[in-house]
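Everything below concerns the one structure shown next.
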Amino acid sequence: MAIVKMKRVSLIAEKKDKKRILEELMWLSSVDITPLSERLEDEKWSVLFRKDSNDENGEKYRKAKDDIDKAISILNPYRTEKHSVFTKPGSISRKDFDEFEKNNRDIMYTAYSVLDIQTKLNEIKTRKNKNRSLMQALLPWQAYPFDLNAQISSHVDVELGTFPAVTDFEKETSLLYEAVPECYAELLKSDSEQYYVALLYLKSAESKLMSALSERGWTSAFFYDMCGSAEDNILFVREQLEQADEEEKALIDQLRVYAEKLQELEKASDIVANNEKLFSIRDRLLCTESTFFLDGWCPVLQLDSLKQVLEKFDCYFEINDPSEEEEPPILLQNNRFVMPFETVTKMYALPVYRGIDPDFIMAPFFFIFFGMMMGDAGYGFLLTLACAILLKFGNFGKNMKQNLKMFLFCGISTIIWGFLFGSFFGNVVTLFSGTFFDKTADFRAVWFNPMEAPLTLLILSFGIGFFHVIVGMCMKMFMLIRDKKYAAAFFDIGFWLLTLIGLVLFAVGSVVMSEYPLIGKIGMYAALIGAIGLVLTQGRDKKTPVAKLFGGIMSLYDITGYLSDVLSYSRILALGLSTSVIAMVFNYLAVLFGGGIVGAIVFVVVFALGTALNIALSTLSAYVHSSRLQFIEFFSKFYESGGREFDALRVETKYSRLK
Amino acid sequence: MEFLSSGYFWAYLGAALSALLAGIGSAKGVGYVGEAATGLISEDPSKFGKLLILEALPGTQGIYGLLIAFLTILKLNIIGGEPAELSLLSGVLIFAACLPMGFVGLFSAISQGRCAAAAVNILTKRPNEVFKGVSLAAVVETYAIFALLISFLMLWFIPLNLGM
């Protein structure tokens, strides 16, 4: 239920054991290795040590991992079974690591073959593109029967080209014939943009023709390096394209075969990635000619197994308590109910090592707030069910699993509040029975229905909010007393607690429970004593008595802060209402077509869509705003954050599951 | 100008404004985030899910506006029933009750859209921290929620026959 205690481990060992020690630590997964290069700035250290570095072997592993990952992404589209969250991942164990070390030639050969095929495929793709654009250029000239680059005779030449299709072709040519009578234009093909024309002309008139043509917007078509007619060339290019298609198909078939080895490749990628890490972690070590020095944090509970591991080697190690100025990394440990809610705290920031892990107190509030904001038994049921199915059959990382568990708990809370508020998919029970069976059935509220009594829920929200804030202040008080700062604990927090609780008692006593005047009176005096205490103590840092008094009086102004904190909890009512009203809107739309077959079909479609949309929206708002109430209203009262997450050297896998 | 003395005119105007202004705000806000998101999707399509969450944030104001408009219609019993008797004064009060949601919805959705669009940068550079961006944008929504609350409370408790 708290922040795990850490010890500092310092180790000196022989260089020849370095690889094996690091390997053992990785499998132990409980040492967070500290980077030591900063210590070299101190001469005491730099005389003895230099920075260890990750040698060319690390580079080799990184390259191998890149290649394998590339091969995996190339093969992914050819997977036989489609990948989803429900796909069982392959498993991997320490034995696989050892075997891979001994024999990895086959798998690396597979990866390189895949990369090779991809290079070939790319080359074919470029070739195909080139041929396709050539084909595009040739197609319009299909009707031209002669050799594309041949001369007709010594006096007559032919030129292929296009006119823009802005005017009539007849008009175009007649204008051309007027200027240059020694030519003849044959229209081969026309499309919306151009006329494709073969132009016969006498060579003697060439220069005259050229100037006339440029006025008409003529563009010559060139076919360099081509012999034979357009038809011949088209056939040739088509053949080339077909051949490329065949080659491509053959290569893709090969990829399909290789895709069956995907699981092996994924395993290899995980193994190589971890081996690479064993090298890159060396950046954090210091070394001499024949020894190396490692320094890290280990949770107290794991110390024994660490000792066992290290005693196997010829090495010297020390285990110390963290010193005052050191900030050990943070590892949280909570029971099964609270643990999933750690993700909320982590989203804000981790606590400092000597602070408090707020999860145990935050979790119940989060649970309640979420349920109230969503407040619908039907939605809660679907949310719980969805999370349960995903947790049972899905394959997720650790963080995602925690999140799902949190939403599962929140779903349960939503069911509870849904019953209390009498909401089951909004008001669908009443509407459905009224439309289809002409009866009025009700899903009755166990407590009260917020749509009928919104003020009750508003007051309830303020009440829970007030309690939340008070608990936050008590936490602060507890922390101050623990640190022996008694003045701050009683003056800064204690008097405020007295004032606030007194004010609330006074209000409750005089408005609601006026038959017990004593309660109001106690409240009033408590509030007065608290306020006087605040005026007397809050200016205690100031120098002159006048400044002290003034500071004290000014501090009463902070009441607005507490007021706005509590008012902020009205969002619980607003979000709860928004869930029910959106549900109601969709339910009304769903029964708009009345009873009967058509009505039933419309009902099912609209109801399903509306429910899906509303669950998505309400879950998002309930999650975000429950978090916000913790972060801004609650954590601001006491929480000291800023710790670094405990990040042990451990085996991390992307594709496979560790056995 | 006879319609000005009808309570129904004012109540409808209020409902329309609530849905209209808050809807415009959300459309703009969602648009900002959408634009910012396309850049990132072209680089890394796998972030689509998280981007969708960011994009959905400024969408809620439009829904709140719709809510108030719908509640107005419901209160007047227009859907599938005899429309209720409504006095001029009550109609004008319903109009007033719809205003907070309309106006606050409009401006808070736009601001929230800007904030969420900026949070797309967080998703680009530090994908794991994106929910901090979501929280920052969600704080903007507070005022839309308050407006929803006050519009709701004002609307829900107005008798329909005031001053009759």
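Those protein sequence lines, which keep their order, are chains V and E.
Residues in the first sequence are numbered consecutively from 1, following my numbering.
Residues in the second sequence are numbered consecutively from 1, following my numbering.
All C-beta atoms in this analysis are idealised placements derived from N, C-alpha and C, irrespective of residue type, glycine included.
Residues, ordered as in the chain, of the stretch 550-574 of chain V that lie near chain E by beta-carbon distance below 9 Å: Leu567, Ser568, Ser570, Arg571, Leu573, Ala574
Does any residue of chain E bring its CB to less than 8 Å from the CB of V/Phe631? yes
Within-8 Å CB hit, E/Ala27 to chain V: Chain V places no beta carbon closer than 8 Å to that of E/Ala27, leaving this residue out of the contacts.
Mind checking which residues open and close the alpha helix (DSSP H) that includes V/Met524? 517-537
Which term fits V/His155, buried or exposed, when burial requires 16 or more other beta carbons within 10 angstroms of its beta carbon? exposed
Would the beta-carbon of V/Phe407 fall within 8 Å of that of V/Cys387? Taking 8 Å as the Cβ cut-off, V/Phe407 and V/Cys387 qualify as a contacting pair.
For V/Arg657, which three-state DSSP category applies? strand
Could you give the first and the last residue of the continuous alpha helix (DSSP H) run that contains V/Thr288? First-last for V/Thr288: undefined, no H or E at that position.
With a threshold of 8 Å between beta carbons, is E/Lys132 in contact with chain V? yes
Do V/Thr291 and V/Glu14 have their CB atoms nearer than 8 Å? In this structure, V/Thr291 lies near V/Glu14, with their beta-carbon atoms less than 8 Å apart.
So, with DSSP's three-state summary, where would you put V/Asn320? DSSP places V/Asn320 in strand when its eight states are reduced to three.
May I ask which residues mark the beginning and end of the beta strand (DSSP E) holding V/Ser10? 6-14
Who are the neighbours of E/Thr60 on chain V, taking C-beta pairs under 9 Å? Ser578, Leu617, Leu620, Ser621
Any C-beta of chain E under 8 Å from that of V/Met362: Contact with chain E is absent for V/Met362, since none of that chain's Cβ atoms lies less than 8 Å from the residue's Cβ.
In chain order, what residues of the stretch 101-116 of chain V put their CB closer than 8 Å to some CB of chain E? Taking 8 Å as the upper bound on Cβ-Cβ separation, chain E lies near no residue of the stretch 101-116 of chain V.
Relative to the C-alpha of V/Glu24, which candidate in V/Tyr569, V/Arg644, V/Glu311, V/Gly463 has its C-alpha closest? V/Glu311
Cα separation between V/Ala185 and V/Arg256? 54 Å
Within chain V, the residues that E/Tyr64 reaches when beta carbons sit closer than 8 Å: Ser578
What does DSSP give as the partner residue(s) for V/Leu219 in the beta ladder? According to the sequence displayed, residue 219 of chain V carries Thr and not Leu. V/Thr162, per the DSSP bridge assignment.
Exposed unless 16 or more other CB atoms sit within 10 angstroms - verdict on V/Asn399: exposed
Going by DSSP in three states, E/Ala84 sits in which element: helix, strand or coil? coil
V/Trp659 vs V/Ser91 beta-carbon contact at 8 Å: It should be noted that the sequence gives Lys, not Trp, for residue 659 of chain V. Yes, they are a contact pair.
To which residues of the same chain is E/Ala11 closer than 7 Å at the C-beta, ignoring the five residues directly before and after it? Thr72, Leu76, Leu86, Gly91, Ile94, Phe95
Do we get a CB-CB distance below 8 Å when we pair E/Leu67 with the residues of chain V? yes
Looking only at its chain, what residues have a beta carbon closer than 7 Å to the beta carbon of V/Ile522, apart from the 5 residues adjacent to it on each side? Leu505
From V/Leu262, V/Leu265, V/Leu278, residue whose alpha carbon lies closest to that of V/Glu56: V/Leu278
Integer-rounded CB distance, given that V/Ser30 should sit under 8 Å from V/Leu385: Going by Cβ atoms, the distance from V/Leu385 to V/Ser30 rounds to 37 Å, so no, they are not a contact pair.
DSSP has E/Ile150 in a bridge; who is on the other side? DSSP output for E/Ile150 lists no bridge partner at all.
Between E/Ser135, E/Ala117, E/Glu2, E/Val140, which has its C-alpha nearest E/Val30's C-alpha? E/Ala117
Using DSSP's beta-bridge definition, name the partner residues of V/Gln333. Answer is V/Ala2, bridged to V/Gln333.
Helix, strand or coil at V/Pro299 [DSSP, three-state]: strand
Would you say E/Trp10 lies against chain V (beta-carbon separation less than 8 Å)? Not one chain V Cβ lies under 8 Å of E/Trp10.
Could you check how far apart the C-beta atoms of V/Ala622 and V/Met373 are, in whole angstroms? I think they sit under 8 Å. 4 Å
Assuming the contact rule is C-beta atoms closer than 8 Å, E/Leu40 and E/Leu57 should be a hit. Round their C-beta distance to whole Å, please. Not really, about 16 Å apart at Cβ, beyond 8 Å.
Which residues in chain E have a C-beta closer than 9 Å to the C-beta of V/His625? List them in chain order. Ala138, Glu141, Thr142, Ile145
From the DSSP output, in three-state form, read off V/Ile92 for me. Note: V/Ile92 maps to strand in three-state DSSP.
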